[in-house]
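A.B. asks: Letter by letter, the sequence shown follows residues 483 to 685 of my numbering. First the structure, then my questions, so here it is.
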Amino acid sequence: MSHLLIVTSSLSGAASQSNRLIERYSAGLAAADPRLEITRRDLGAQPVAPLDGARLGALGTPAAARTALQATVAAESDALIAELKAADVVLIGAPMYNFTVPSQLKSWFDHVARAGVTFRYTAAGPEGLLTGKRAVIVTTRGGRHQGAPEDHVVPYIQTMLAFIGIRELEIVYAEGLAIGERERQSSLAAAEARIDALTALAA
Ligand SMILES: Cc1cc2nc3c(=O)[nH]c(=O)nc-3n(C[C@H](O)[C@H](O)[C@H](O)COP(=O)(O)O)c2cc1C
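Here you go:
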């Protein structure tokens, strides 16, 4: 049985286009595989704590030596990592906020990138430990930035996923959503068509 992890990060809730497109993607995968198990991690609705000194200290302390508070803090990161480890496919909703990912999504990566657990350093360099998974990024933007130097969304997510071992990746762009109604509609229609084509391949 396949397991899908959906990570969304828009702050716009029901008005979010990335959330809507992600739902379309997951519905397509579920239609192709009725036994698909789905876990949802909505970082916009329920943000994970940003990394701070106390949290970093807790994660850097061996489990047996943690205080009760440190153990609670570390358990939050452990739960996020367990969700990711259990997934075969990771679907990431990534609106562009100020040319990069929402800080909620950055915080999620700060939790799940853990030395010795999701990556390790070897003599040959860093090695991602979460192999055998694939990911899909659905990224929404008010303007048009695909492939441009100011797009710090896709290169960042690609780098982070590769760092922890996830290299098989599809990207769906919905750009120009704030440029005008016609452009918005055609961009969303193109993103929907791409999603339908990608999920049809899974059938
Ligand atoms: C705080 C904030 C910052 C944004 N920064 C950018 C930006 O740098 N470039 C851009 O093209 N659009 C930017 N936008 C527009 C969003 O990317 C666009 O509204 C997108 O649809 C948001 O995704 P969502 O509908 O899933 O929430 C920004 C929106 C917000 C709320």
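Don't be surprised by glycine CBs; every beta carbon is placed ideally from N, CA and C.
1. Does DSSP put Thr582 in a helix, a strand or coil?
2. So, are the CB atoms of Leu525 and Leu486 less than 8 Å apart?
3. Let me check understanding here. Comparing Cα to Cα, which of Val489, His627 and Ala512 lies closest to Asn456?
4. Leaving out the 5 sequence neighbours to the left and right, which residues in its chain are closer than 8 Å to Ala569 when beta-carbon positions are compared?
5. Please report how far the alpha carbon of Ser492 lies from the alpha carbon of Val635, in whole angstroms.
6. What is the chain-ordered set of residues for which the beta carbon lies under 5 Å from any non-hydrogen atom of ligand 1?
7. What whole-angstrom Cβ distance do Thr681 and Tyr507 have, given they're in contact under 8 Å?
8. Mark Leu551 as exposed unless 16 or more other C-beta atoms lie within 10 angstroms of its C-beta, in which case mark it buried.
9. Assuming Val489 and Trp590 make a contact with CB atoms under 8 Å, what is their CB distance in whole Å?
C.D. replies: On the basis of the coordinates in this document:
1. Taking the first residue of the sequence shown as position 1, residue 582 is located at position 100. Here Thr582 sits in strand by DSSP.
2. Locating residue 525 in the sequence shown gives position 43, counting from the first residue. Locating residue 486 in the sequence shown gives position 4, counting from the first residue. Not closer than 8 Å, so no.
3. Limits of the chain in this structure are 483 at one end and 685 at the other, which puts residue 456 out of reach.
4. For the purposes of this step, residue 569 is taken as the residue at position 87 of the sequence shown. His485, Leu486, Leu487, Thr521 and Lys615, listed in sequence order.
5. One-based indexing of the sequence shown puts residue 492 at position 10. One-based indexing of the sequence shown puts residue 635 at position 153. Looking at the two C-alpha atoms, the distance is approximately 13 Å.
6. Ser492, Ser494, Ser498, Gln499, Ser500, Pro577, Met578, Tyr579, Asn580, Phe581, Thr622, Arg623, Gly624, Gly625 and Leu659
7. The count along the sequence shown starts at 1 and reaches residue 681 at position 199. The count along the sequence shown starts at 1 and reaches residue 507 at position 25. At roughly 6 Å, the Cβ-Cβ gap stays under 8 Å, so Thr681 and Tyr507 are in contact.
8. The sequence position of residue 551 within the sequence shown is 69, counting from 1. Classification for Leu551: exposed.
9. Looking up residue 489 in the sequence shown gives position 7. Looking up residue 590 in the sequence shown gives position 108. At roughly 6 Å, the Cβ-Cβ gap stays under 8 Å, so Val489 and Trp590 are in contact.
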